[in-house]
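Report on the structure given below.
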Amino acid sequence: MENETHLLEINLISAQGLKMPLANLRRLQTYAIAWVDPDAKLRTRIDRLGGENPTWNKKFIFQVTSDFLSDDTSGVSVEIYAVRYIKDPLISTIRFLLSPSYLRPIPRHSQHCRHRS
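Each residue of the sequence shown is one higher than the one before, counting from 1 in UniProt numbering.
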């Protein structure tokens, strides 16, 4: 059986209640990095205004195989970092599994596409 490739679209909207590991007087400025493959990570912009409740509303699109989608252990990893001068500290991590029963294909055609004769 051929192992087809598919597009997996994830929209990372926001985070809530983030805290720095150490007390800091500066406003929290954060970005997130997401991946399904550690060799192909994608990044959001820096949220400079949200503080402990950042909003990115970033769409990530990953190319994945049918095997990846059917594997119960496949998932998306997200790390959230605070912006600092020397090194950006990791402040939160999440990994969510992609259950095959929750995935649904999106039709290739749309009601907004019209063909002219």
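Where is the CB? At the ideal position from N, CA and C, for every residue including glycine.
The DSSP-derived three-state label of residue 37 is coil.
One thing to note: residue 60 has its Cβ no nearer than 7 Å to the Cβ of residue 94.
When DSSP reads this structure, residue 82 sits in a beta bridge with 30.
Taken through DSSP and simplified to helix, strand or coil, residue 71 comes out as coil. A straight line joining the alpha-carbon of residue 14 with that of residue 67 spans about 29 Å.
Here DSSP, grouped into helix, strand and coil, assigns residue 77 to strand.
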